[in-house]
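Before any comments, here is the structure.
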Amino acid sequence: MSARTWRTPIVILSCATLILLLSFGARQTYGLYLAPISEIQGWEIGIFSFAMALQTLIWGLSQPFWGNIADRFGAGRVVSAGLILYSIGLWMMAQSTTPFGITISTGLVTGLGMSATSFPIILAVVGRSVSEKRRSMFLGIASAGGSSGMVIVVPF
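Structure, rendered in structure tokens:
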């Protein structure tokens with residue numbers, strides 16, 4: 115597949131929607147794990163809740179950082195780094211047995227990964243790929259991907 119073929123607006127929209135669907139879908143499952151993880155580990159609910167709150171804070175605060183890197187090195191590299199960080203964070207979360215481990219994995223690492231794979235980076239790419247006439251529709255479809263992830267991924 116040549117560079118020209120895979121950079122069509124429909125392919126970019128499809129990939130963007132899938133990335134948002136998976137990243138937001140996975141994030142929305144954390145609430146389901148709050149009580150079971152806390153109970154299995156013998157922690158108070160506040161420990162995992164703090165890790166999730168830290169993730170949300172890191173997610174928001176690191177977006178300008180990722181945007182700057184995307185401007186310098188390209189959105190593809192940022193999203194790739196984000197997917198790697200997100201995957202490492204999820205793996206670390208599964209291995210965590212201490213409050214510190216769950217805070218670093220869930221709060222810091224997945225927060226950074228989530229930030230690099232969320233709306234500012236993805237929607238900038240989608241917006242640049244289409245004409246002004248079709249931009250609103252494409253941005254709406256990609257954004258709906260994140261919301262769809264909450265419905266599609268959470269039950270599984």
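Residue numbers (the working numbering): 115 to 270. From the three backbone atoms N, C-alpha and C, an ideal C-beta is built for every residue, glycine too.
Would you kindly work out how many angstroms separate the C-alpha atoms of residue i and residue j, rounded to a whole number?
i, j, result
"Tyr292", "Glu153", "Not covered by the structure: residue 292. The range shown for the chain is 115 to 270."
"Ser250", "Ala258", "12 Å"
"Met206", "Gly221", "11 Å"
"Arg278", "Cys129", "No information on residue 278 is available, as it lies outside the stretch 115 to 270 that the chain covers here."
"Ala167", "Val267", "21 Å"
"Ser219", "Gln169", "9 Å"
"Leu197", "Gly227", "6 Å"
"Gly241", "Pro123", "9 Å"
"Pro213", "Val223", "14 Å"
Within the continuous alpha helix (DSSP H) that includes residue i, where are the two ends?
i, result
"Leu226", "Thr224 to Ala230"
"Glu158", "That residue, Glu158, is in no alpha helix (DSSP H); it is neither H nor E in DSSP."
"Gly139", "Pro123 to Gln142"
"Val244", "It is not in any alpha helix (DSSP H) - Val244 carries neither H nor E in the DSSP assignment."
With DSSP as the reference, label residue i as helix, strand or coil.
i, result
"Ser257", "helix"
"Val267", "coil"
"Ser176", "coil"
Rounded to the nearest angstrom, how far is the Cβ of residue i from that of residue j, given a contact under 8 Å?
i, j, result
"Leu135", "Ser229", "Incorrect: roughly 17 Å between the Cβ atoms, too far for contact."
"Ala254", "Trp173", "Strictly speaking, residue 254 in this sequence is Gly, with Ala absent from that position. The Cβ separation is near 22 Å, so there is no contact."
* To do: Note down, one range per segment and in chain order, each alpha helix (DSSP H) of at least 4 residues found wholly within the segment 186 to 219.
  => 189 to 209 and 213 to 216
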